[in-house]
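Structure first, commentary second.
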Amino acid sequence: MPHVEHTFTAEADKIAFSQKVIYGFGALANNLLGAAIGMMSIVLVTGLKMNPAVVGLLMALPRLTDALTDPLMGFISDHTRSRWGRRKPYIFFGAIFAGLIFALLWQLPSGYSESFYFWYFLLGSILFYLAYTVFATPWVALGYELTPDYHERTRLMGVTNFMGQFAWVGVPWLYAIMQNENLFSDPVEGARSVAIGIGIFVAIIGILPAIYCKERFQSSPEISDQKNDIKESFGEGLKRNVKDFLHGFAITIKFKPFLKLCVATFLVFNGFMLVSAFTSYVIIYYVFGGDQVLGAEYMGWSGTVSAISTFGVIVLVTKLSTRYSKRQLFFFSTGVSIFGFGLKWFCFTPSNPLLLLIPAPFIAFGLGGLFTLMSSMMADVCDLDELNTGERREGMYGSIFWWVVKLGMALALALSGILLNMTGFDIDLAGAQAEKTLFLMRIFDIAIPMVASAIAIWIIVTYDLDEDKANTVRQALEARRNAV
C-alpha cells in the first residue's frame, strides 16, 4: 500500500482517553447483547429440540421490525431537544430496559410444545429489540459526533471496537457454560442463569456513556431551530414530522458514499455471521464426530483466540490509519480474512483438532478492521451530508447503517438453518451424519464469506471520500457555522 501524507490532529479535536473508554463500554454492552442472543439460540435446537430452520426464522423475524423502529429512533434522537441532549436520555433508559428484557427472554419454561416456544420467544424478542434500538441507535449517533477530526474518529472507533471485542472473548464460551453438567441440569436451565447475569451487566455498563460522555450538538442545527418557532396543532405537527422523517429517510438511502459503506459492511459482516452458527455444527459434527461437550470446548477456544487476535488487529489498524488511507486498510484487512477462511478447509480436521485454531487470527482481520474503519468513515459521511442538507443526521445514518447490518444478520441466521437442512443434517443422527452432509457443511462454511468479502472489496474501490475531501468538507462546515 502506498504511503499517504496526513494532517495532524489539533488538541481541541482530541478526545480524552477516559472518554473513549467510557464510550467503548457502550460497544461492550451492544456487542454482548447482539452476540449472546445468536450464540445462545443453539440451546433452542440442542436443548428444546426445535427445528434449525424454525429457530433461524425465529431469529430473523423480530429483526424485520427494525426496518421501521431503527430509522424512527434515529429521527427521534436527531430531533430531540432536552436539557440532557439528543442522545443521552435514550442511551440511559434503553440500556436498562434492554438488559431487563434480555434476562426475561430466556426464562423458558420446560415441557411445552415447539409452537409455544416459538411464540414465547418471538414476542419476547420483539420487545427486546425495541429496547435494544432505543439504546443502540442514539449510542452509535453519539460516537459519530464526538470529534470533527478525520484521524481522531478512527482512534475513537479503534478504542470503541477494542472495548467491544471483550464481548467476543466471553460469548464463545456461553454454550460450554450452559452445557456444563456440573453447573446446570440441562442447557435450558443454563441459559436462564446466564441471561440474568448478562442482563444485569449490560444495564450497569450501558448507562455509562449517557452519564459521562459529552455531546457536541445539543440540538440539530439551523433547520430544527426554525421548526421550533412554528406554532401548530398536534395533527399538523405529526403530519410535518412524518413528512420530515420520510424526506430524511429518502435522502439518506440515496446518498452514494453511504450506500457503498452499507453494502460492503453487509457483505463482510453477514458473510461471517451466516457461517458463525454454521461453524459450530462443523466443529461438533465433523471435527468431533457429534461430541457436543468437546465440540463446545473447542468452539470456546477458537472464539477466544479469534477475539484476542481481533484486539491486536484493532490496534494495528488504528496505528496504520495515520500512514495509510481508510480505504487501503479496508482492502488489507478484508483480504487477510479471505485467506483465513480458505485455511479452514485444511485446518478443520478430525485427525488434529488443534489445527482449527490456526485460521482464527487471520479471520479476525475481517471484523477487526471492518468496524474500526467503517464507523470512522460513517462520521465523515455525516459531515458531507450536513454540507449538502444543513442538518445533522447521525441518528438517521447510524440507524439505517446498523439496520442493514442487522437485517443481514437476521437473513444470515435464517439462511443458516435453511442451509443446514439443505446439507441433509439430522439432529437425531448425532455423530453419524452422512458424508455428503459433512462435505456440504464445510463448503458452505468456507465459500460464502470468501465470496461476500471479495465483492465488498470491489465495491469500496469506488469510494472516494478520502482525507483531503473530508478536510475540505470540515472547513466549509466550520465557515458556515461561524457565519450563522
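The numbering of the sequence shown is the UniProt record's numbering, which starts it at 1 and goes up by one.
Note that the Cβ used here is the ideal one computed from N, Cα and C, for glycine as well.
In this text, all values refer to a predicted model and were calculated from it rather than measured experimentally.
Look at the beta carbons and you see the stretch 198-208 touching the stretch 21-29: at least three pairs across the two are nearer than 8 Å. Between N51 and L370, the alpha-carbon positions lie close to 33 Å from each other.
Counting only runs of 4+ residues, the alpha helix (DSSP H) found wholly inside the stretch 29-83 occupies 42-46, 52-64, 66-78, in chain order. In the three-state reduction of the DSSP assignment, A296 falls in the helix class, which pools H, G and I. In the pairwise beta carbon analysis, the stretch 65-85 is classified as touching the stretch 392-404: at least three pairs are separated by under 8 Å.
Nearest in C-alpha terms to A307, of all of R323, L246, G170, is G170.
With fewer than 16 neighbouring CB atoms inside 10 Å of its own CB, R323 falls in the exposed class. When C-alpha distances from C382 are compared across K14, A136, L465, the shortest belongs to L465. In this structure, Y120 lies away from A98, with their beta-carbon atoms at least 8 Å apart.
M59 and R83 have their alpha carbons spaced roughly 38 Å apart. I427: not part of any alpha helix (DSSP H); DSSP gives it neither H nor E. The three-state reading of DSSP puts I308 in helix, counting H, G and I together. The C-alpha of S375 is placed about 8 Å away from the C-alpha of Y144.
The alpha carbon of T160 has as its nearest neighbour, out of F17, L343, L407, the alpha carbon of F17. DSSP places P350 outside both helix and strand once states are collapsed to three, so it counts as coil. Close CB contacts of P359 within its chain, under the 6 Å cut and outside five residues either way in sequence, are with G340, L343, K344, C347 (chain order). For the 8 Å CB-CB criterion, M378 and Y397 form a contact.
Taking a C-beta distance under 8 Å as the contact criterion, I400 and A264 do not qualify as a contact pair.
With 16 or more other Cβ atoms inside 10 Å of its own Cβ, A414 counts as buried. In this structure, S125 lies away from P172, with their beta-carbon atoms at least 8 Å apart. Taking every protein chain shown into account, the CB of D426 has fewer than 16 other CB atoms within 10 angstroms, so this residue is exposed. Exposure of E435 is indicated by the presence of fewer than 16 other C-beta atoms within 10 angstroms of its C-beta. In the three-state DSSP reduction, Q107 falls in the coil class, being neither helix nor strand. Taking 8 Å as the cut-off, the Cβ atoms of G368 and T310 count as close. Secondary structure at G290: coil, using DSSP grouped into helix, strand and coil. At the C-beta level, A452 and L156 stay beyond 8 Å of one another. In terms of Cβ geometry, I101 and F118 do not form a close pair [threshold 8 Å]. By the neighbour-count criterion, in which a residue is buried when 16 or more other Cβ atoms sit within 10 angstroms of its Cβ, V293 is exposed.
Each residue's CA atom was taken as its position, placing Q179 and L373 some 36 Å apart. Judged by DSSP secondary structure, Y117 falls within the alpha helix (DSSP H) whose first and last residues are 114-145.
At least 8 Å separates the beta-carbon of L183 from that of A36. Under a 10 Å Cβ-count criterion, Y285 is classified as buried, with 16 or more other Cβ atoms of the shown protein chains found around its own Cβ. Note on geometry: alpha-carbon atoms of M39 and A195 lie some 12 Å from one another.
In the DSSP annotation of this structure, the continuous segment of the alpha helix (DSSP H) that includes E386 starts and ends at 359-389.
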